[in-house]
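Scroll down for the structure; my scribbles are underneath it.
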Amino acid sequence: MWRGYLLGSILFMMTSWQGMSQDTPNATTSSAWTLGYGQIHLLDEYLSPLVYTGSIFRADYQSMHYMSLQTTHVSLDWTLTASIGMEHNPAATNSIFYCALQPGVGIHYHFRPVPHLKLLVGGVWDVFFANKYSFSNGNNPYSADLSTRLNASVIAQYNWHIGKLPVVLRYALTMPMVGVMFVPQYGESYYEMFTLGHMQHTIHFTTLTNYLAMDNAFTADFVLKRWTIRAAFYHDYDKHNANSLHFETMQSVFSIGAVVNFAVFDHGKRKVPSNYHDINR
Amino acid sequence: MITENEKYQAIIMTLIDNIVHHTSIKKSVNGIIISLMLFSLSACQMSVSTPSNLNNYTTNFNDLWTIMDQHYCFFTTKHINWDSIKTVYQNRLSTMDTLNDVTFFNLCGNMLNELKDGHVNLTSPFNQSRYWAWFQNYPDNFSSTILFSNRYLGQNYRIAGGFDYNVIPNTKVGYIYYPDFTYGFTATNLSYAIASLSNCTGLIIDVRDNSGGTLTYATDIAARFTKQTVKYGYISHKTGPGHNDFSTPEAEYITPYSTVPVIDNWVQKPIVVLTNRLCYSATNEFVSIMKELPNVTIIGDQTGGGGGLPMSSELPNGWTVRYSACPMFDANMNTIEFGITPDIHVDMTASDMGKGIDTIIQTAIQFIQQQN
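The structure is reproduced here in C-alpha cells:
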C-alpha cells in the first residue's frame, strides 16, 4: 500500500503544479498563506562568537491535499518559507543581514483517534538555504547555511469552535532526522572555497547528533462565511555544528494570513460529487 | 430471547464503554500532544548567551586573547608563546592605575603588536591599533613627485581602471603604475593598457607603495603574461582551534587569460615588477605570482609581507579584531609572510632623488634595454 502511495506521490509531484485541478477533477486542496513579523537570535561562529538579535519578516505558504480520492488517510504537503531580517550584536556596533528560503514537500498519514481530533504523522523532505552577511568583517563577511534534510513531522489538528464560529487549531512539529549540510572549514575563507575551488570537508552528513532543529507551528484557522483567516505562531530552532564551528538560530514569529480550500469539480460545473473529501476534516 | 429491557441495557453499556474508551484515548492523545509541545519549546532555546556586562575589561581581554589563540595562523611560524604573552598583559591589566576604554584599548593593542603582523588590528569607535614596523623601519624607495614628473609618467599619461600608464619618454619601455589593489578594473581596462604598450621592448609594472587589496586582481593581472597554467603558490587554513590545526596546503594556479597575440607578444619580452617595503598583502601575493613567470624580474626592495589572508571577529564590547587566518606560501612552500626578496635589490639614492631620478625605475629601464 505504501509503495503505491510513494509511487503515487512521485507521479503527483510531477504533475500537481500545473495539472492538479484539471487532471484530478475531484481533488481538493487546502492552501494557506501567512505573513509575519518576529524576533530572531542568531549565532554563527564563522562570522562572530556573539549572539546577534533582531527582527525578521517571514512569509509562509502551505498546501495540503489527499493523494487520491480513494483515501482520506494520506496527504501530500507543499511548504515554502521565506524570511528576511536584520540582526545586531549586543553592543549594537555591527549588523548581520539574514535571508532564508526553505521549500519542502511531505507526506502524512491521517489518524483520527477521537472525534474532532486528527493526528498526522509523516515525513518532509526540505532544502534550507540561509544567507548571512556581516557588515564589519573583511574576508569573512558572508556565511551560508545550506542543507537538505529528511524530517519527521507530526501534526495535531483539533476542530473546535468559539460560539458558532468554527476554529481549526493546529500544532505542527518538524524535526530533521538525517540530511546533508554545507559547513565551511573552521578558518577557511570563501575565497578559497569558491574562487580557488578548495571544497574539501565542507559537506557533512547530518544526524540528530550534529544537527538539531525543531520547527514548531501553532495555527488557528477561523472559518468565516466566505473565507478562513489563519493566525499563526512559529517558533523555529536550528542548531548544527561541524568543523569545530557552532551555528544556532532561533526565531519566533507571529503571522496572519488566509486559508483557501479549493477544488474544481467536474471541470468547473460546480457540481459537488458524493465522494468529495475535505482535507480539513 | 432478549427482552426489551436487556436490549436497552446492552445499548447503554455499549455507549458507556465507548465514552470511557474515548475519554481515556482523548486524555492520552492530549497528554502526548501537550508533552510534545512542552518538550519541543523547552528544547528550542539558545544554548549560548550574551555576556551580562558587555564592557567588562577582564571579559573582553580574555575574549580577545581567545579569539587570537584559536584563529591566528602564525604562532608556530613566528615562534610566539601566546600563553606567556597573556600572563604578561593580564598582570598589566590587573595592576593598571587608570583603567578606562582608552588605556584598555592601548593595552590590547600592545598585546596584539607582539605578533608583529600588519594584518592584525583592533578597531574601536575611537582608534585602530596597528603594527607598521614592516615598512616604517625601511627606506621609502618611492617618490610620487618624481614618478609623475615629465621624466616618467608626465602629465599626459593614460588612466584605465586603476592603472596609470604610458611609454617612458625617450625609451621604448612601457610603464604601468598600479597604486592600490583595491582599485577595481575590468578585463577591458587591462587589455587596453597592455595592448597600447605592445610596441615597447619591455614593460615595467610598478606596484610600489601598494599595500594590498583584492587577491583576485593579482591573478587577473598575472594571467595576461603567461601562455601556460603556472603553479604560483599554496594556501592553507585553520581546521580547528589548535595552533597547529591546519589543512594540507593546496596549490594555486594562474591560467592564461587567452592566447591572443597580445599575450604572445608579452611572454617574449622582459617584464619588470618594481617593489618596495610597502608592497603588502595582495600586492605581496602578486609579486610572488609574477616571480614564477620566466620573463619577469623583480627589482627594488624586499616586499613588506602579509602572507596571511586576514579574517575578522569581535569582542563583546563591539570592538572588531582582524587577524591573519590563512597562511600563503610561494611555489616552493616558503611562507610569504615576511616578504618577497627581489631579483635585483635596488634602493633609491639621495643623489638621484635630488636630480629627479628614480633609481629603481632607471635600473629597470637599463635592465630591459640590456635584454634586447
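These protein sequences, in sequence, are chains A and B. Numbering-wise, this note's numbering puts 36 at position 35 of the first sequence, and it's gapless, one number per residue. Numbering-wise, this note's numbering puts 1165 at position 369 of the second sequence, and it's gapless, one number per residue. Backbone N, C-alpha and C define an ideal beta-carbon position, used for all residues, glycine too. Quick caveat, the model's predicted, so the values are computed rather than measured.
**Report entry** Per-residue contacts from Asn-244/A into chain B (C-beta, under 9 Å)
**Finding:** Near Asn-244/A (Cβ distances below 9 Å), the residues of chain B are Thr-1035, Gly-1036.
Report task. Compute the Euclidean distance between the alpha carbons of Tyr-1013/B and Arg-926/B, then round it to the nearest angstrom. Result -> 25 Å
**Report entry** Alpha carbon of Asn-902/B to alpha carbon of Phe-922/B, nearest angstrom
**Finding:** 11 Å
Requested in this report: Go through its chain and collect everything with a Cβ distance to Phe-1134/B's Cβ below 7 Å, but skip five positions before and after it.
Outcome: Hits under 7 Å: Gly-1101.
Query raised in the report: From Ile-969/B to Cys-996/B, what does the alpha carbon distance come to, in whole angstroms?
Result: Note on residue identity: the sequence assigns Val, not Ile, to residue 969/B. Using only the alpha carbons, I get a separation of about 5 Å.
Query raised in the report: Any Cβ of chain A within less than 8 Å of the Cβ of Pro-1052/B?
Result: Cβ-Cβ to chain A under 8 Å: no for Pro-1052/B.
Query raised in the report: Alpha carbon to alpha carbon, what distance is there between Arg-59/A and Cys-869/B?
Result: 40 Å
Requested in this report: Identify each residue in the stretch 1102-1120 of chain B for which the Cβ-Cβ distance to at least one residue of chain A is less than 7 Å, and report them in chain order.
Outcome: Leu-1105, Pro-1106, Met-1107, Ser-1108, Ser-1109, Glu-1110, Pro-1112, Asn-1113, Gly-1114, Thr-1116, Arg-1118
Query raised in the report: Can you find a CB in chain A that lies within less than 8 Å of the CB of Asp-1148/B?
Result: no
Query raised in the report: Helix or strand or just coil, what does DSSP make of Val-334/A?
Result: The displayed coordinates of chain A run from 2 to 282. Any statement about residue 334/A would go beyond what the structure contains.
Report task. Mind checking the stretch 1000-1015 of chain B against chain A and listing, in chain order, the residues whose C-beta falls within less than 8 Å of any C-beta there? Result -> Leu-1011, Thr-1012
Query - Cutoff 8 Å; reference Phe-1042/B; Cβ partners in own chain excluding five residues on either side - result: Cys-869, Ser-1032, His-1033, Lys-1034, Thr-1035, Pro-1123
Query raised in the report: Whose C-beta lies closer than 8 Å to the C-beta of Glu-1046/B among residues of the same chain, with five residues either side of it excluded?
Result: Tyr-1030, Ile-1031, Ser-1032
**Report entry** Whole-number beta carbon distance between Phe-130/A and Leu-151/A, since they are thought to touch under 8 Å
**Finding:** With a Cβ gap of about 16 Å, Leu-151/A and Phe-130/A do not count as contacting.
Requested in this report: Going by CA-CA distance only, name the one from Thr-203/A, Leu-197/A, Ala-157/A, Leu-209/A that's closest to Gly-180/A.
Outcome: Leu-209/A
Report task. Evaluate Thr-1116/B with the Cβ neighbour count: other Cβ atoms within 10 Å of its Cβ, from every protein chain shown; 16 or more gives buried, anything less gives exposed. Result -> buried
Query raised in the report: I think Gly-958/B touches Tyr-974/B, with their Cβ atoms under 8 Å apart; what is that distance to the nearest whole Å?
Result: 6 Å
Report task. Kindly provide the ranges of any alpha helix (DSSP H) runs that are 4 or more residues long and lie completely inside the stretch 18-80 of chain A, ordered along the chain. Result -> none
Query raised in the report: Where does the unbroken beta strand (DSSP E) through Ser-1147/B begin, and where does it stop?
Result: Unbroken run through Ser-1147/B is the alpha helix (DSSP H), 1146-1150; no beta strand (DSSP E).
Query raised in the report: If you measure from the beta carbon of Glu-1088/B to each beta carbon in chain A, is any gap under 8 Å?
Result: Cβ-Cβ to chain A under 8 Å: no for Glu-1088/B.
Query raised in the report: Val-844/B touches chain A at which residues, Cβ-Cβ below 8 Å?
Result: Leu-44, Val-52, His-247, Glu-249
**Report entry** Straight-line Cα distance separating Tyr-934/B from Gln-1166/B
**Finding:** 29 Å
Query raised in the report: Which ranges would you report for the beta strand (DSSP E) in the stretch 1076-1139 of chain B if only whole runs of at least 3 residues count?
Result: Correct list: 1092-1096, 1104-1110, 1116-1126.
Requested in this report: Check Gln-103/A in the structure and name its three-state DSSP category.
Outcome: strand
Report task. List the residues of chain A whose Cβ lies closer than 9 Å to the Cβ of Ile-863/B, in chain order. Result -> Pro-50
Query - Alpha-carbon to alpha-carbon, Ile-1140/B and Leu-43/A - result: 53 Å
Query raised in the report: Quick one, which of Ala-101/A, Gly-124/A, Gly-86/A, Val-260/A has its alpha-carbon nearest Gly-39/A's?
Result: Gly-86/A
Report task. Measuring only between beta-carbons, confirm whether Lys-850/B sits less than 8 Å from chain A. Result -> Contrary to the premise, residue 850/B reads as Leu rather than Lys in this sequence. Judged by the 8 Å Cβ criterion, Leu-850/B is in contact with chain A.
Query raised in the report: According to a CB-to-CB cut-off of less than 8 Å, which residues of the stretch 895-907 of chain B neighbour chain D?
Result: Chain labels in this structure do not include chain D; the protein chains are A and B.
Requested in this report: Tell me where the beta strand (DSSP E) around Met-194/A begins and ends.
Outcome: Element bounds for Met-194/A: n/a, residue is neither H nor E.
Query - Contact set between Thr-196/A and chain B, taken where Cβ atoms lie within less than 7 Å - result: Under the 7 Å cutoff, chain B gives Thr-1012.
Report task. Starting from the Cα of Phe-255/A, find the closest Cα among Gly-164/A, Ile-163/A, Arg-231/A, His-66/A and give me that residue. Result -> Arg-231/A
Requested in this report: Would you kindly work out how many angstroms separate the C-alpha atoms of Thr-80/A and Tyr-62/A, rounded to a whole number?
Outcome: 6 Å
**Report entry** Per DSSP, the bridge partner or partners of Phe-248/A
**Finding:** Residue pairing by DSSP places Phe-248/A opposite Asp-45/A, His-241/A in a beta bridge.
Requested in this report: Put Ile-1161/B into one of helix, strand or coil per three-state DSSP.
Outcome: Under the three-state reduction of DSSP, Ile-1161/B is assigned to helix.
Query raised in the report: So is Asn-262/A in contact with chain B if we call contact Cβ pairs under 8 Å?
Result: no
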